[in-house]
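To start, the structure under review is shown below, and the notes come after it.
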Amino acid sequence: MSQPFRIADRGHIDRSREIRFTFDGETFIGHLGDTIASALLANGVHLMGRSFKYHRPRGVLGFGSEEPNALVGVDRGHGRFEPNQRTTMVRLTEGLTIQSQNRSPSLRRDVGAINDLLSRFIPAGFYYKTFKWPRSFWATVYEPLIRRTAGLGRAPCLPDPDRYGQRWAHCDTLVVGGDPAGLMAASAAADRGERVILCDEGEGFGGSLLDESGADIGGKPALRWIETTVAHLAQLPRVTLLRRTTAFGAGIGNFVALAERCDDSGKETRERQWFVRAGRLIFATGSIERPMVFANNDRPGIMLASAARSFLNRHGVLVGRHVVIVTEQDSGYRTAFDLRLAGAVVAVVDARATVAGDLVEQAREAGIALISGYIPVDSRGRLRVAALAIAPPDKANAIRWLACDAVLMAGGWTPSIHLHSQSGGKVEWHAPIGAFLPGKARQATTAVGACAGQLDLDACLVMGWQGGGGELADAPRSADRCDVGVSSIPAIVPHERPGKAFVDFQNDVTAKDIRLAIREGFQSVEHIKRYTTNGMATDQGRTSNINALAIAAQALGKTIPEAGLTTFRAPFSPTTFGTMAGFTRGALFDPVRTTPLHDRLIAEGAVFENAGQWKRPRYYAQADETIDEAVLRECATVRRTAGMFDASTLGKIEVVGPDAASFLDFIYTGKPSSLAAGRCRYALMLREDGFILDDGIITRVEAERFHVTTTSAGAVNVLATMEDFRQTELPDMRVWLTSTTEQWAVIVVNGPRARDVLNAVTRDVSLANEDFPHMSMRVGTVAGVAARIFRVSFTGELGYEVNVPARNATLVWDSLRQAGEKFGLGLYGLEASQVLRAEKGYIIVGRETDGTTTPNDVGLGGMVAKSKTDFVGKRSLMREVFVDPERKQLVALLPCDGQSLEEGAQLIDPADPHRSIGHVSSAYVSAELGRPFALAMVQGGRSRLGSRLAVATAAAPRPVELCDPILVDPSGARLHG
Amino acid sequence: MRPQPPPSLTEDIVLLLIPCPYCGPRAEIEFRYGGEAHLERPKPDCNEQTWAAYLHSRHNARGRHAERWRHAHGCGQFFNAVRDTLTDQIEVTYEAGQPSPLREPAS
Amino acid sequence: MHYSALSLFRNALRGHKAWPRQWRAAEPKSSYDVIIVGGGGHGLATAYYLASKYGITNVAVVEKGWIGGGNTGRNTTIIRSNYLFEESANLYNHSLKLWGSLSQELNYNIMFSPRGVMLLAHTLHDVYSAKRHVHANRLTGVDNKWLEPEEAKAFCPPLDITQRARYPILGAALQKSGGTARHDAVAWGYARAASALGVDIIENCQVQAVRREGTGRVAGVETSRGPIAATRIAVAAAGSSSLIMDMADVRMPLESHPLQALVSEPVKPCFPCVVMSNTVHAYVSQSDKGELVIGAGADQYPSYSQTGGVQQLSQAVEAICEMFPMFQRMRMLRSWGGIVDMTPDRSPIISITPVGGLFVNCGWGTGGFKATPGAGDLFAHLVATGTPHPIIAPFALDRFEKGKMIDEAAAAAVAH
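Residue numbers (this note's numbering), protein chains in the order written: chain E, 1 to 977; chain Y, 1001 to 1107; chain D, 2001 to 2416.
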């Protein structure tokens, strides 16, 4: 018979909609509104998993996200597989394939159960005491074995096809938790006209009120009251209702992260992360019932009493037909009454010797057997609980066995104070109710309802209402008290029976483990946690922390607060990686920066490389050239005729003002103030510790206006550094800095025919050598566009860098391209550019320099102006360490065997082959020289010119000859031609 | 009774809200940290110890800490802040060039 | 009691009631030969080697909280020695050698697992940097090898080497002998061994002042549990180093920044090695428990709050999803933060100080765990003999004044 444990006319599921799913290959039927847990329980299935260490058979313990046992793998097909899903949280949808975890070959017969038999040999921390011999066995035998038995589900192995979103929101009041207090808080705040966000982890709002069908609020039955309250909130425009949304972290400035579970079908966004900044935070996060700690308290069918009640009232599912409820306060009775009404045979075992008269009466009337003055001490049953052993607290041997198919534990309530604590609030122990409660808040936060220790319905309503800013007189009230009574300190079973009394169910941590840890000297809460792994499971200790603390306190002879305080970390419950990553995947992982010429470059066959966030052409592919062939061709073209290059990524800064010149004198090593208008100079910028930060060309446009370039990668940093000095060190200087990196496109034409090419499209400027010498700048019109033309060269050939406004870039490019055809103009990319400059011994910051290089190291000591009293880095350059002749210095290398060198290779002196004395910073093949060459930084390099060293390899060292880094046109005749 | 260890500070989700003196409170991701504040840059004729101290020595205070921030994705201005490095609460922000409030006790 | 399979078996038969404390809960004496401030991995290792190798047992380790509760208990457990400069390689190689037999030496399974540490190259600059490391490492005895993308994927199958990524993988540098160890066990193992040799480990004892005598030499400390005298004080306090050194009027070149990490829910073995990436800012391995251990970059501002900005965590998770798209459906189980003390050149300080009798071991920034045994040994040597071992001589405190930095910035661009 299908769904034998489904009760008619109970629960909020849609019985008209049947849904099929499989669990370990077997097909079951459930209904719309079920979770996997409720659907399986309806079908009488309690065995859902095997525990982490001992592989004990386990069933569902709780009702919500704190479920530690019933974790399954959920497969929705097409790469949509997640391990470790709580059956209590997965909505039932058609065709779900569910697999149990951590068992082999099957859930009912698991070879891992041998761990349970051997359990006495593998207590907490046993692995620290063994597996040390033989030494090699750890990595080759023991560890692989441990890793195979560890872990819960299996990792997904296909790329996840689903989409995740991210939103930012600001609100006046964020209410976390839609329990009665939370609904009240949200309503009160909304009525005051505030922007309100209300979120709840569950499928709907109402919290524990969803189980109180009989309660009355403001004259309405509870469920009706929830409906109308939610409907009212939903139609207010300034209210956002978020179901299935977990607030998983809170922090300073009332910044809260939420994870919303949106859609399971794969058609819409799957999950969405919300970042919320709230004026006020209200926590209505409820409380979680505690299990009881007694031998074999973990068998399938042994659950939390409130969970059983929720399965019945929300899903119409009876968890057993012969139920024993173990309790020590009044709340357990509500479960008893509800289950009895649904037709179960119910017994209540109450630890209190004397139970309140009205409860005794009600129990008798309902036909519930009541045994007072007894506690649970053991259980029997292999794949399902079959009997519970009870005894008086003081008479360990006076045991009675009660036959049953479910044991429901009402072990007291633990308020969920995690977010309050995360946002800096203090936490205080309240002995009368045996709980840590929110104390003084550090920020504008309030805790209301059960999470503040208030378990009386009417009081929760008032607390929530007032917490939301409402007046007491306006609050809806409940005549029903729904009093759960005083919750006592967790039941610690005084008898130590043989058999495992579980504290942390998922990690298989027992009471004995905790006592062992304390015996071995692990006495702080954190040590106990780490040694036993208690509280480190996927429920984050929500079902185990307080019980562990109570056991530890008892063993240490302290009170619970003296024993320690559990710390609360984000995430409150585990959060999907994809949700945290949001949109930041693939093309959106990092912004792509392209120049205004990007489309032209693509059309020309550019093969792009990532240079930081920029896409830059590495080379231009023609026919079936290899990259090496292409680069040689491009280099040859530049030196023989002319090449064109997109340098738009260069950083550019417009430095303007009466003090612009003295400002630049302070920032750079040289003396830009000595530049005449229209002149350019290569410039070095140092860090204060004397190392090269960046280089570029400084051009004086007019007396009080400079055009400064930086490396592409350094642009942002250089401007930031300039602003730093301008604003804080030199605030009286009248100078203003503007980034013009994206405003100017830069088209470079280098080569013997460069002048011819440029001339063809340039007006108003004479390009003749005597009118426009090297290292100067003219303003003119190129291809009809106003331009700054710089006669500078990174390749050592006659060169011009045409700066035009970005919006005109393609027009100018096209004109030059066309004009250049008859002069043999070709395109060249970054790789060729780097080869050409290396042939001239020009450094690239970040290659020849690595953050430990001074001007003198790269032969640019002359660029440090001696006449300046101060500039950035000057004081550091005076340090002794920088005049050491054994510092690495820039040289060129010519490999004697005529083969290419590898960048990063180390130089050695063959006489001392194990010590590195330098490294290859750039290595290329020179078209001009027809051979491989390299630039290198070598200790005392300049004093070794002409000598031979060797490059260390995995095989024999390769001899190289050191020479001056300027290999091509050392006199610079081509530049000045 | 042995004194208890100081309670572990809680681990939160943090995104500082930094009150830029020019733009008002903005999220941390708009700013770049600018190092300790009120470091006086010595003249180039100072001795090695003084220069090295300027470059590298830092209070690294656990508690009230005067530091610089730049509103990089905003007004671009440098300004100073006093922040408690134990709680990350920002006590006050003030313009660059103003004296350090650290001489006064926290309000 | 000796730890072994046999003693485990015997104790099992007796219900595990006879296991002794792993380290004595010592009451502080009025004086010691050496006080070590800081009961993390480094401090405890130093105590152990002082007692076992250099014959000084009259030692106290003073820890303000519970041992191993700072960065030792919060790191991502990566062990490697593939640093660029010879000085660094020597320092970390010294540790790597000790890691190999540490479980046996301490009679405590610290679970050292040399499963390989792979640094990915995503840009041409990364390739150059990685190859420079590989070449340099060959000369300094570090087993670092360059891998093409297919080889990298063969070593770590979950890696995505397609062109789909924003920064596709161009190769990787692999140190096969690098790996991980169980961080808590390292602290506890050293504590147990040191305690057995007579070292007093004093928890819940916060140093509040450093006492000096007339000549300026140290004379002892004031603590929350009373004064303790000593003529040698060795500070191994990681993120709190500036505080302690300030008590002796020594200003340090340190800034303490938050560093965050996270673990996923545990899954069956799916990740065979350690993978690190500077360009996409994350590093990942899988613990023996099955959790993916993921580390983020340090926050830009100094803080002792042990939190750190949410964007650092997000960025690390984004990077993981980008490099391993199949992990996108996994879940973050726990996140936490530590306090890392960073030096200007991202290399540590193991040194005498201007104050007589005061020694400091700090500035390990994001990479102290891997150096625990070696630093403990060499720091103990320094405290015992007063002179720095050649391996630590370049890491003196006064190198900053001289400008002799050992700038491993590339190695430290992402935490490890």
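For every residue, glycine included, the Cβ atom is placed at its ideal position computed from N, Cα and C.
In terms of residues, what are the limits of the alpha helix (DSSP H) holding residue i?
| i | result |
| --- | --- |
| Q2315 (chain D) | V2310 to M2323 |
| A450 (chain E) | Taken as a continuous stretch (DSSP letters only), A450 (chain E) belongs to no alpha helix (DSSP H), as it is neither H nor E. |
| G467 (chain E) | L457 to G467 |
| A2152 (chain D) | P2149 to F2155 |
| A2173 (chain D) | Looking at the DSSP string, A2173 (chain D) is not in any alpha helix (DSSP H); the run it does join, the beta strand (DSSP E), is G2171 to Q2175. |
| E143 (chain E) | E143 to T149 |
Can you look up residue i in the DSSP assignment and give me helix, strand or coil?
| i | result |
| --- | --- |
| T246 (chain E) | strand |
| Y620 (chain E) | strand |
| W2023 (chain D) | coil |
| C680 (chain E) | strand |
| W545 (chain E) | Just to set this straight, residue 545 (chain E) is Asn in the shown sequence, not Trp. In this structure, N545 (chain E) counts as helix in the three-state DSSP scheme. |
| W2364 (chain D) | coil |
| A1979 (chain D) | With chain D represented from 2001 up to 2416, any question about residue 1979 (chain D) goes unanswered, as that position is not in the structure. |
| F137 (chain E) | helix |
Can you name, in chain order, every residue of its own chain whose Cβ lies under 6 Å from the Cβ of residue i, other than the five neighbours on each side?
| i | result |
| --- | --- |
| P1025 (chain Y) | L1017 and P1019 |
| A2237 (chain D) | V2037, G2038 and I2244 |
| M2405 (chain D) | D2345 |
| T446 (chain E) | I282 and G467 |
| H2377 (chain D) | Before going on, a small fix: residue 2377 (chain D) reads as Asp here, not His. Around D2377 (chain D): Y2049. |
| P591 (chain E) | Q613 |
Leaving out five residues before and five after residue i in sequence, what residues of the same chain have Cβ atoms less than 7 Å from its Cβ?
| i | result |
| --- | --- |
| A838 (chain E) | S922, Y924 and L935 |
| L2007 (chain D) | For the sequence presented, residue 2007 (chain D) should be read as Ser rather than Leu. Hits under 7 Å: M2001. |
| D1088 (chain Y) | V1014 and L1016 |
| P1998 (chain D) | Given that chain D is displayed from residue 2001 to residue 2416, the structure contains no residue 1998 (chain D) and the question cannot be resolved. |
| W429 (chain E) | F436, I560 and P561 |
Can the beta-carbon of residue i be found less than 8 Å from the beta-carbon of residue j?
| i | j | result |
| --- | --- | --- |
| A188 (chain E) | G468 (chain E) | yes |
| T852 (chain E) | D2184 (chain D) | no |
| H2122 (chain D) | T2279 (chain D) | yes |
| V960 (chain E) | R944 (chain E) | no |
| A410 (chain E) | T354 (chain E) | no |
| A809 (chain E) | L597 (chain E) | yes |
| A1052 (chain Y) | T1085 (chain Y) | no |
| S2031 (chain D) | G2220 (chain D) | yes |
| F823 (chain E) | V716 (chain E) | no |
| G643 (chain E) | N769 (chain E) | no |
| G112 (chain E) | T149 (chain E) | yes |
| T2072 (chain D) | V2186 (chain D) | yes |
Leaving out five residues on either side along the sequence, give the residues of the same chain with a beta carbon under 8 Å from the beta carbon of residue i.
| i | result |
| --- | --- |
| R726 (chain E) | F663, M733, V735 and L737 |
| T533 (chain E) | A124, D504, N507 and V509 |
| N2058 (chain D) | Y2032, D2033, V2034 and G2198 |
Since residue i contacts residue j with CB under 8 Å, what's their CB separation in whole angstroms?
| i | j | result |
| --- | --- | --- |
| A2181 (chain D) | W2099 (chain D) | 7 Å |
| Y2301 (chain D) | Y1033 (chain Y) | 4 Å |
| M2252 (chain D) | V2210 (chain D) | Actually they are not in contact, since the Cβ atoms of M2252 (chain D) and V2210 (chain D) sit about 14 Å apart, beyond 8 Å. |
| L907 (chain E) | S916 (chain E) | 7 Å |
| F28 (chain E) | A39 (chain E) | 6 Å |
| G2239 (chain D) | G2363 (chain D) | So it is not a contact: roughly 11 Å between Cβ atoms. |
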